Amino acid sequence: MTLVVGQTKVAGVKIIRHIAEMQATATALKRAGRRLALVPTMGALHAGHATLIRRARACDAATVVSIYVNPTQFGPQEDFNRYPRDIEADAALCAGESVDIIFAPLDAEMYAGNAASTWVEETALAKRLEGERRPGHFRGVCTVVAKLFNIVQPDIAAFGQKDFQQLAVITRMVRDLGYPIEILPVPIVREADDLALSSRNRYLNPTERAQATILWQALSAAQKLFATGEHRAAPLQASLLRTLQLVPAIRLDYAEIVSAATLEPVTDVQTGAVALLAVYLGQTRLIDNAIF
Ligand code: PAF
438 MTLVVGQTKV
448 AGVKIIRHIA
458 EMQATATALK
468 RAGRRLALVP
478 TMGALHAGHA
488 TLIRRARACD
498 AATVVSIYVN
508 PTQFGPQEDF
518 NRYPRDIEAD
528 AALCAGESVD
538 IIFAPLDAEM
548 YAGNAASTWV
558 EETALAKRLE
568 GERRPGHFRG
578 VCTVVAKLFN
588 IVQPDIAAFG
598 QKDFQQLAVI
608 TRMVRDLGYP
618 IEILPVPIVR
628 EADDLALSSR
638 NRYLNPTERA
648 QATILWQALS
658 AAQKLFATGE
668 HRAAPLQASL
678 LRTLQLVPAI
688 RLDYAEIVSA
698 ATLEPVTDVQ
708 TGAVALLAVY
718 LGQTRLIDNA
728 IF
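The working numbering applies: residue 438 is where the sequence shown begins, and numbers increase by one.
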C-alpha cells in the first residue's frame, strides 16, 4: 500500500511524515515529561522488530518506530529497489505492539535527490567486514541514524545484535558525538529452526530457506567446540568453514572471529569474542553471529 502524504493514521497508529512535525511532537512530549524511545527500522517488520519495540516500551517511554528505506546505505548493485515496502503490514505490527508514533519521513526531506553533502562517518569499527564489502554502507547508516536522532530526539534507541557491527558503530558514534542517548542492544530473535530473523529472509526460495539454517549450525558447532576448551581462533574458524561447506550452494563472504570491542581478528578467543558470518545463498546475502 502506498502512503498518502497528509494521512495521519495507518492501522490506527499515528503516522508522521514531516521532519518539522516530528521535531515539534518530540519537543512537546519532552516538555510534558515523557521520555522517548526510538526503534529505527527500514520497515518489512517482523518478530525481531517486535522484540525491539517491546524492549523500548519496557523503558516507560513514548515509543517511536521510524520506517525509512535509507538509499545512502545501499550499494549500486544492492537491493534498494526490491527492498520490501508494506506500510500497512508494518503499521499493523506497530499497532499490535502499542507503538505511539510511526515516523516515515519523505525522501525529499531526508535527502534532496538521494544525495547529501554532509556525512557522518565512523572510521575505526566501520572499516572492516561489512564496511569493507559494502563501501559507503556505514557512512549511510551513521548519517541517517544521526539525522533520526536529531529529529526524534530520543532518550533511548534500540538496535538488534543481529547487525553486530552496526550496533558497535552506532554505539561508538553516540559516544564520539556526545549524543545523550542510551543505546539498547537487543538479542537476536530466531525462527524455530534457529535462522536469525531478517527482512531479507523473504527473498529466499524454499530450498534456500532450508539451506539457510546452516549459518546457525556453523555458529553453534563453533560455540560447542569453544565450550570443550578449544580457545584458538584457527580451529574455531576452521570449524565454521567446515560446517558451511556442508551446503555447496553457500558462497562465503566472510567467517571471522573478532574482538567485540575492536572488531579486529583475535588469535586467542576469550569469552565475549564474537564469530561473524556473511554468506550468499543465490542472490541473497545473509549475516549472523554468535558471542562466545
Ligand atoms: O538496521 C536497519 O534497519 C538500518 O540500518 C537502520 C538502523 C534503520 C538505518 O537505516
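Quick reminder that beta carbons are idealized off the backbone N, C-alpha and C, glycines included.
Here the structure is a predicted model, which is why all the values come from computation and not from measurement.
Beta-carbon proximity check, residue i vs residue j, cutoff 7 Å
i	j	result
valine 476	valine 589	no
alanine 658	threonine 680	yes
valine 606	leucine 656	no
serine 503	leucine 585	yes
arginine 471	alanine 499	yes
alanine 670	valine 711	no
leucine 768	aspartate 527	Nothing can be reported for residue 768, as the shown portion of the chain is limited to 438 through 729.
leucine 652	alanine 484	no
leucine 489	alanine 595	yes
Rounded straight-line distance, which links the Cα of residue j to that of residue i
i	j	result
aspartate 537	glycine 449	10 Å
glutamate 525	valine 447	7 Å
alanine 629	glycine 533	22 Å
leucine 566	arginine 612	21 Å
threonine 608	leucine 632	25 Å
isoleucine 539	leucine 673	43 Å
threonine 699	threonine 445	43 Å
aspartate 523	aspartate 705	45 Å
glutamate 701	proline 622	20 Å
glutamine 660	arginine 454	44 Å
methionine 610	leucine 641	33 Å
proline 685	alanine 675	16 Å
alanine 495	histidine 486	14 Å
leucine 683	phenylalanine 517	31 Å
isoleucine 730	proline 617	Because the chain in this structure spans residues 438 to 729, residue 730 falls outside the shown range and cannot be described.
isoleucine 728	leucine 689	20 Å
alanine 529	isoleucine 452	12 Å
glycine 709	proline 643	34 Å
tyrosine 548	glycine 573	16 Å
alanine 647	glutamine 707	32 Å
alanine 583	alanine 664	39 Å
glycine 615	lysine 564	21 Å
Beta-carbon proximity list for residue i, same chain, < 7 Å, skipping 5 on both sides
i	result
glutamate 645	Leu718, Gly719 and Thr721
asparagine 507	Met479, Gly577 and Val581
glutamate 619	Asp592 and Ile593
alanine 432	This structure does not reach residue 432, given that the chain is present from 438 up to 729, and the question cannot be answered.
glutamate 667	Leu673
isoleucine 456	Pro542, Glu546 and Ile588
glutamine 460	Ile588
leucine 678	Ala692
isoleucine 694	Ala670, Leu673, Gln674, Pro702, Val703, Val706, Ala710 and Ala712
Cβ neighbours of residue i in the same chain (closer than 8 Å, five flanking residues each side left out)
i	result
tyrosine 691	Leu566, Arg570, Leu713, Leu714 and Ala715
alanine 649	Leu632, Asn638, Leu641, Leu718 and Leu723
asparagine 726	Gln598, Lys599, Phe601, Ile625, Leu656, Val711, Ala712, Leu713 and Leu714
arginine 491	Glu534
glutamine 603	Glu567, Phe575, Val578 and Phe596
arginine 497	Inspection of the sequence shows that residue 497 is occupied by aspartate rather than by arginine. The residues are Arg472.
glutamate 515	Arg571
threonine 560	none
Own chain, CB closer than 6 Å to residue i, minus 5 neighbours either side, in chain order
i	result
isoleucine 724	Ala715
glutamine 654	Thr680
tyrosine 520	Val506
cysteine 531	Val450, Val502 and Ile539
glutamate 458	none
Query raised in the report: Would the segment 572-584 and the segment 544-562 be scored as touching if the rule is three or more Cβ pairs under 8 Å?
Result: yes
Requested in this report: Report yes or no: do three or more beta-carbon pairs, one from the segment 504-512 and one from the segment 457-470, lie closer than 8 Å?
Outcome: no
**Report entry** Three CB pairs or more closer than 8 Å across the segment 615-627 and the segment 597-607
**Finding:** yes
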